[in-house]
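Everything below concerns the one structure shown next.
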Amino acid sequence: MNRKTITCKINGVQKEFLVDPDTRLQTVLRDQGYASVKFGCGEGACGACTIIMNGEAVYSCILYAFQADGQEIWTTEGVGSLDKPHPFQQALVEEGAVQCGFCIPGMIMSAKALLDREPDPSEEEIRLSMDGNICRCTGYEKIWTALHKVIAQGKGRES
Amino acid sequence: MKKETFSVVNHSVLKIDGLQLALGRKSYVADLKPSDALYVKMLWSPHAHAEITSIDIRKAETMPGVRCVLCHTNTPRNIHCTAGQGFPEPSPYDTFMFDKKVRYVGDRVAAVAAETPEQAEEALKTIEVTYNLLEPVFTVDRALEPDAPIIHDEPEAHIPIPVPYEPEHNIVAKVGMEAGEFDQALAQADYSFDYTYETPYAQHCPIETYISMAHIDARGRVVVETSTQVPFHARRIIARTLGIPVRQIRVIKPRIGGGFGSKQEMLLEDVVALMALRTGRHVIWQLTRAENFRTGRTRHPIRLRIRTGVQKDGTLSALGMDAINNTGAYGGHGLTVVSCCGSKVLPLYRCDNIHFDARVVYTNLPVGGAYRGFGATQAFFAVETQIDEMAEAIGMDPLVFRQKNHIRTGDGSPVFQALGEGKEGTPMTIGSCALDQCILQGAAAIGWERRTPHTEKTGRYRTGIGMCCLMQGSSVPEIDMGAAAIKMNDDGSFNLTIGATDLGTGSDTVLGQIAAEALRTTIDQMIVYSSDTDLTPFDVGAYASSTTYLSGEAVRKAAVKVLNQILGVAAEMLEVPAESLEARESTVFSADGRQATYSEICLYALYQKNQFQIMDSASHITHKSPPPFAAHFVELELDTFTGCIKLLQYVATVDCGTAINPKLAEGQTEGGVMNGLSYALTEQYLFDSRGKMTNASFHNYHIWSMRDKPILKTILVPSYEETGPFGAKSVSEICINGPAPAINNALYNAAGIRLREFPFTPERVWNELQKKQA
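Note that the protein sequences, when read in sequence, are chains D and G. Going by my numbering, the first residue of the first sequence is number 0, and it counts up by one from there. Going by my numbering, the first residue of the second sequence is number 4, and it counts up by one from there.
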């Protein structure tokens, strides 16, 4: 099966995995316990599996694990904790933006990739950057409000 | 009581599971999977209607990694209904775990559990099935013809309640009612209207697809961890399907990644449970997105003929609805959904002469189920379109026409008494209705006074403003029951355990707030847990807009009983009569200024004297289903060259009684409206000639994203429902009903067109514009 060992940095920690060539990055991450990486569609359409790889928000369900070899990956687990949530995570909770919560980690990664790049994005940049993440519960209003709250506080780049 | 000051309810406290979910901590079924679990894959029927003449699973059983193969030859044949409803269900028993007949593309044929998903997939390919193809039935018209193929010819099929069920005619159910003299009133009306509307298939699309996992515990019982809205119904249906006692089964609901009604079913649990029993292993099954579309539950497509009569003065004299509900291959929820077309819609306007007749029909298409709005969504599209049309005909502002005719506090309706869920309804007088304020506040917010007739509009881009009014219910009266238990801890905190099932709505938080308010404590002192059939009291589950109103009252009653125990212990400690004591902020105060904290009281009760556990439980059933009310308004811009619709703004007002948590109530409204908008504008099932859905993917079934988000304003209009906990009614379902009719009415205001079906795709709108010009 041409298994191969890949190395990548996940949430700042160097990791090594033995993976098959057809294994998706999402599967590896979930099997390794990164539960924030959700399965919603497996076809690059819903965004629940969004991670940050080399600074870009990407769908881990349509990447092969091989493509992560030598890359730097962030998942929601690396963004905040119970004691010290990321400002966007805190804002999401304060604004009531977390309903079922299944899409939220992906939303966070898309937003973080945007804010790391551009702490004060335009409305159009926000709409385009968040376009890849579907939420069926909230109607996006409170997620939108939470994101603007973080931007207004100038906390976009904190992590 | 109406002006009481609340300290916890009616406050937007933080959702208690918000942070754990935002951090991505392990919370959902998939997150609980051990590394050695077996994976299930299902062989689905490629045919819409066929008999399985032979099936050979021997090769599959010897394939690498395969631990269990199930099909109709080696599984229990116990007829059941997958719909998670009360018992006995108002739905037919027409389903087997596996059958020798398949009835839609996506019906079960055989299942494999293997060490890896890939091994399970490989094994499926080796299962040899031969089919005798039968004529598929793809329309309700064909289903009702005398020579139509019979979809459910199995002798075991029956409905467990006394209502008509005629599978030999493909009829799942019939229901109807009459009030006054409908035909006469229609004939004598100054203006009468008769139009037929079609509503499409659609799906809930929770981002978490259906998923269940089972294992066998140390005592040999089967434990099912599942993404369900109905853990207690699921336990009962699993027991029936497998033919094992309820006591052998434990159903646990962890966090759920959305449901919207789709998970008010037992769809995966029987398979993982039987496979766990046969293998002794953890067994997990999650549907892919395509499987979720094709084999999961859908919104019933319904044909609605609406006949109405109106007098020149604006009196609504006749209101008639004939509905044909396509329930697909199985009949779960078919009767109750179509009943709600009548019961949740016809009472909205005062009318003496009412006709309702409905049939539910089998076809060889995907299966309908419970979906937020539950029949009211379909029927409001038709009725609210026609209400607008009537106002136009008599030259009355459609807003004024609605103001003149809508139901008010103190009104009843013959519909309430006539139409229940599988039986007669319950007489009801409206105890709270702020629809008048909803209309006024919504009109002000959208700028209704700017609205001009479509005849004055010219040019390529034309704006239109439309509105609709809505109602729903709160619980199923005299049927649904919820229970709650509260136990006090030695630091003054409380465990609240409920069978009520938070599927992402925030009901754990809302119920925690109700308990905290009644216990005179704060939300951070509440440890809320739902739901586990071993550990929490019974509740029918999350459906019928019932949790806040029904389960919330059970919680309030339990909390009052626990508070009385607290006061009793404090009376003993402080040596004063309990009646003289007052509790607030987790402390009991005596008239002479002494006090005992909740922690001191619990420690006393647990360790010091006359020891006992301060705890109690309560159950609640409702005797009415008080409707929440809403008025929705939309302003859009129509491109008359292309038929494209651009939403400019949307205003959703809602009277949900006391909003227990205003931010969460707004969130329910915003989410419901957004779901309703994409239902109205983009979502649809496309089928090939063999009945297979061809767009079973988020790439081709378009769910709106943040990019599509319009300007949306939500206005909570308070009222006080005396029968609800602290004045609360429901909020979760009503708001999905508004977008389709409101947009249709705005299209009329923009360009003088009225559509009788949706989604309002550019093509469909453009065709309507051409018809009007011709």
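All residues carry an ideal CB built from backbone N, CA and C; glycine is no exception. All of these numbers come straight from a predicted model, not from anything done at the bench.
Is residue i helix, strand or coil when you go by DSSP?
i: A96 (chain D); result: coil
i: N367 (chain G); result: coil
i: F497 (chain G); result: strand
i: L402 (chain G); result: helix
i: L290 (chain G); result: coil
i: I482 (chain G); result: coil
i: Y31 (chain G); result: strand
i: H147 (chain D); result: helix
i: G413 (chain G); result: coil
i: F383 (chain G); result: helix
i: S435 (chain G); result: coil
i: M4 (chain G); result: Low per-residue confidence applies at M4 (chain G): pLDDT is 44, beneath 50, and the placement is therefore not dependable, though the value from the model is reported in the following sentence. In this structure, M4 (chain G) counts as coil in the three-state DSSP scheme.
i: L17 (chain D); result: strand
i: V36 (chain D); result: coil
i: S109 (chain D); result: helix
i: E585 (chain G); result: strand
Is there a Cβ of chain G sitting closer than 9 Å to that of residue i, yes or no?
i: D30 (chain D); result: yes
i: P84 (chain D); result: yes
i: V149 (chain D); result: no
i: F65 (chain D); result: no
i: D115 (chain D); result: no
i: N10 (chain D); result: no
i: M52 (chain D); result: no
i: L91 (chain D); result: yes
i: D130 (chain D); result: yes
i: F16 (chain D); result: no
Strictly under 9 Å for the Cβ-Cβ distance: is residue i near chain D by that measure?
i: V676 (chain G); result: yes
i: K18 (chain G); result: yes
i: K649 (chain G); result: no
i: H702 (chain G); result: yes
i: L719 (chain G); result: no
i: Q23 (chain G); result: yes
i: A683 (chain G); result: no
i: F9 (chain G); result: no
i: I706 (chain G); result: yes
i: T726 (chain G); result: no
Could you list which residues in chain G have their beta carbon closer than 9 Å to that of residue i, in chain order?
i: Q70 (chain D); result: The premise fails here: Q70 (chain D) is roughly 20 Å from chain G at the closest Cβ pair, so nothing lies under 9 Å.
i: S80 (chain D); result: L26
i: L112 (chain D); result: The question names Leu, yet the displayed sequence has Ala at residue 112 (chain D). The contacting residues do not exist; A112 (chain D) stays about 14 Å from chain G at best.
i: P104 (chain D); result: L24, A25, L26, G27
Nearest to residue i by alpha carbon, out of the options?
i: P104 (chain D); options: D:E123, D:E122, D:P118, D:G131; result: D:G131
i: I19 (chain G); options: D:I142, D:Y139, D:G95; result: D:G95
i: T551 (chain G); options: G:T380, G:P728, G:N613, G:L715; result: G:P728
i: E724 (chain G); options: G:Q687, G:D144, G:P203, G:S733; result: G:S733
i: G89 (chain G); options: G:R597, G:T508, G:M484, G:P540; result: G:M484
i: D119 (chain D); options: D:C102, D:V149, D:K141; result: D:V149
i: P49 (chain G); options: G:T133, G:V72, G:N81; result: G:T133
i: T318 (chain G); options: G:C354, G:R757, G:D150, G:A332; result: G:C354
i: R281 (chain G); options: G:A217, G:F263, G:L290; result: G:A217
i: D19 (chain D); options: D:K8, D:A64, D:E93; result: D:A64
What does residue i reach in chain G if we use C-beta pairs closer than 8 Å?
i: K141 (chain D); result: K666, E669, G670, E673
Can you pull the chain D neighbours of residue i, defined as C-beta to C-beta under 7 Å?
i: R300 (chain G); result: The premise fails here: R300 (chain G) is roughly 15 Å from chain D at the closest Cβ pair, so nothing lies under 7 Å.
i: C208 (chain G); result: R135
i: S15 (chain G); result: G95
i: Y546 (chain G); result: Chain D residues near Y546 (chain G): none, gap ~16 Å exceeds 7 Å.
Show which residues of chain D have a CB atom less than 8 Å away from the CB atom of residue i.
i: R292 (chain G); result: G39, C40, G41, E42, A44, C45
i: D34 (chain G); result: A34
Can you pull the chain D neighbours of residue i, defined as C-beta to C-beta under 9 Å?
i: E400 (chain G); result: Per the sequence shown, the amino acid found at residue 400 (chain G) is Asp instead of Glu. Ordered by position in chain D, no residue passes the 9 Å Cβ test against D400 (chain G), which lies about 29 Å from the chain.
Along chain B, which residues have their Cβ under 7 Å away from the Cβ of residue i?
i: R126 (chain D); result: Looking at the structure shown, chain B is missing, and the protein chains on hand are D and G.
Give the residues of chain G in contact with residue i, contact being defined as C-beta atoms less than 7 Å apart.
i: S35 (chain D); result: G27
i: T75 (chain D); result: L26, G27
Closer than 8 Å: is that where the CB of residue i sits relative to any heavy atom of the ligand HEM?
i: V178 (chain G); result: The ligand HEM is not among the ligands present in this structure, which contains no ligands whatsoever.
Start-end ranges of the beta strand (DSSP E) lying completely within the region 685-773 of chain G, minimum 3 residues: If one requires a minimum length of 3 residues, the beta strand (DSSP E) runs lying completely within the region 685-773 of chain G are 715-719, in chain order.
Beta strand (DSSP E) runs contained entirely in the region 294-345 of chain G, provided each spans 3 or more residues: Fully contained in the region 294-345 of chain G are the following beta strand (DSSP E) runs of length 3 or more, in chain order: 305-313, 319-331.
Any alpha helix (DSSP H) of 4 or more consecutive residues that is wholly inside the region 159-229 of chain G: You should have 185-191.
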